[in-house]
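Student:
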Amino acid sequence: MKEYRVNPGKDGKLSGRLEQVERPSPKDDQVLIKVHVTGTNPKDWKYGHGEDGANTGDDIAGIIESTGSKVLDFKPGDRVAAFHVMGTAHGSYAEYAIAPASTTFHIPPTLSFEDAATIPLVAFTASIGLYQDLGLPTPWSRPLDPSADFERRNPIPLVVYGGTTAVGLTALKFARLSGIYPIITVAGASKGLIESANLADTIIDYRGNKDVAGDIARALGGRELLHAFDAFSEAPSAAPLAENLSPSGKLVGVLYYEGPLANGHTVKFAACGNSHPGWAEVPSLRYESLFDAEFAYVFSRYLTRLLVEGKFETHPVEVLPGGLNGIAEGLNRLKEGKVKGSKLVARIAETEGL
Numbered sequence: 001m002k003e004y005r006v007n008p009g010k011d012g013k014l015s016g017r018l019e020q021v022e023r024p025s026p027k028d029d030q031v032l033i034k035v036h037v038t039g040t041n042p043k044d045w046k047y048g049h050g051e052d053g054a055n056t057g058d059d060i061a062g063i064i065e066s067t068g069s070k071v072l073d074f075k076p077g078d079r080v081a082a083f084h085v086m087g088t089a090h091g092s093y094a095e096y097a098i099a100p101a102s103t104t105f106h107i108p109p110t111l112s113f114e115d116a117a118t119i120p121l122v123a124f125t126a127s128i129g130l131y132q133d134l135g136l137p138t139p140w141s142r143p144l145d146p147s148a149d150f151e152r153r154n155p156i157p158l159v160v161y162g163g164t165t166a167v168g169l170t171a172l173k174f175a176r177l178s179g180i181y182p183i184i185t186v187a188g189a190s191k192g193l194i195e196s197a198n199l200a201d202t203i204i205d206y207r208g209n210k211d212v213a214g215d216i217a218r219a220l221g222g223r224e225l226l227h228a229f230d231a232f233s234e235a236p237s238a239a240p241l242a243e244n245l246s247p248s249g250k251l252v253g254v255l256y257y258e259g260p261l262a263n264g265h266t267v268k269f270a271a272c273g274n275s276h277p278g279w280a281e282v283p284s285l286r287y288e289s290l291f292d293a294e295f296a297y298v299f300s301r302y303l304t305r306l307l308v309e310g311k312f313e314t315h316p317v318e319v320l321p322g323g324l325n326g327i328a329e330g331l332n333r334l335k336e337g338k339v340k341g342s343k344l345v346a347r348i349a350e351t352e353g354l
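Under UniProt numbering, the first residue of the sequence shown is numbered 1, with each subsequent residue one higher.
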């Protein structure tokens, strides 16, 4: 089979090439997927290329080709999406990819492979951040209350900075499913994605805004803020969140951020890699990764239910021209900040040279 290897490039521009490699075989707890569409993520241009380049893709959508001996949930021919183990061989930029069965999920026939490929990494990042790190109630653990105003009588304020990023928008969707109120988000040019789906109670536009912290405080209306999610994880986003957080509040981010913040707050890294047992490279994450991996197994099954019932809408998609051969250019656009409000995907069948 062939896979696409991303090279860092000496001039700062990513390049890539198709390479003939041996088709992998799944281990006991893994599945082999014939990839129809691969997703892309910013991490794909940032990490793990090495001197000879690497297949850095992790978002898989396709058909089960074969399964390991301990896999009971899937069989050949099943339509699935999956989250590949980051930093390991046999990623999604290939004709065939390997994924743990625990982070593979069935997709309904009504969902295209293009849409499915937008889901895995952002879903596990958002869900681990919201439910494992912030400790918010999961959609299946909400109290059964017949009253329509239950959430308003039992508020759990949440602020999401970067609500139109792929991870931020996914976090808003899950928060809505969990009945979180009020949901306050800080967003920019693509805020229409939030408005059209009614994913937030207050939207604060950060563009040209010199008082984002004050706007957050006004939206809270005196309520104590215990939960904040930073989908940017940079000083301009972390600072106004920390300023509004209660001393006992928690701030979760999608990147490591160690800058000084108000009231001694720190940013907890939402490690989507913890979805996979034993992935954590940082000693401080190894213990919690055991629990995150168990959660990811449960959540991946729940994702299928949401998709079948039409309760989870995927991110807007842009298909890259040229299949796998369009990956490098797509990653360069991500690197340059030229992709707004959509996820870039590639159809394997459109790759010349396979």
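Beta carbons: idealized from backbone N, C-alpha and C, even for Gly.
#1: Rounded to the nearest angstrom, what separates Ala238 and Arg218 at their Cα positions?
#2: Can you check which of these residues, Thr351, Ala200, Ala94, Pro247, is closest to Tyr4 by C-alpha distance?
#3: Could you please give the first and the last residue of the uninterrupted alpha helix (DSSP H) stretch that includes Pro240?
#4: Using alpha carbons as the reference points, say which of Asp73, Thr67, Ala97, Leu32 lies closest to Gly57.
#5: Going by beta carbon distance, what residues of the same chain come within less than 7 Å of Val317, once the five residues before and after it are set aside?
#6: Output the distance between the C-alpha atoms of Val159 and Ile183, rounded to the nearest integer angstrom.
#7: Extract the residue ranges of the beta strand (DSSP E) inside the stretch 53-83, only unbroken runs of 3 or more that lie entirely within it.
#8: Pick out whichever of Asn263, Asn55, His227, Lys340 has its Cα sitting closest to the Cα of Trp45.
#9: Roughly how many angstroms lie between the CA atoms of Ile204 and Val254, to the nearest whole one?
#10: With distances taken Cα to Cα, identify the nearest neighbour of Leu307 among Ser112, Val186, Met86, Leu18.
#11: Consult DSSP for Val167 and reduce its assignment to one of helix, strand or coil.
#12: Counting Cβ pairs, one atom from each stretch, are 3 or more of them under 8 Å apart for the stretch 251-267 and the stretch 174-191?
#13: For Tyr161, which residues does DSSP report across the bridge?
#14: Leaving out five residues before and five after Ala200 in sequence, what residues of the same chain have Cβ atoms less than 7 Å from its Cβ?
#15: Which term fits Asn41, buried or exposed, when burial requires 16 or more other beta carbons within 10 angstroms of its beta carbon?
#16: Pick out the complete alpha helix (DSSP H) segments inside the UniProt region "Disordered" (1-28), 4 residues or longer, and give them in chain order.
#17: For Thr266, which three-state DSSP category applies?
#18: Here's a check: name, in chain order, each residue in its chain whose Cβ is nearer than 6 Å to the Cβ of Met86, leaving out the five neighbours to either side.
Tutor: For this structure:
#1: 18 Å
#2: Ala94
#3: 235-244
#4: Ala97
#5: Glu114, Asp115, Thr118, Ser342, Lys343, Val345
#6: 6 Å
#7: 59-67, 79-83
#8: Asn55
#9: 20 Å
#10: Ser112
#11: helix
#12: no
#13: Val186, Asp230
#14: Gly163, Leu172, Ile183, Ile184, Thr185, Ile194
#15: buried
#16: none
#17: coil
#18: Asp58, Gly273
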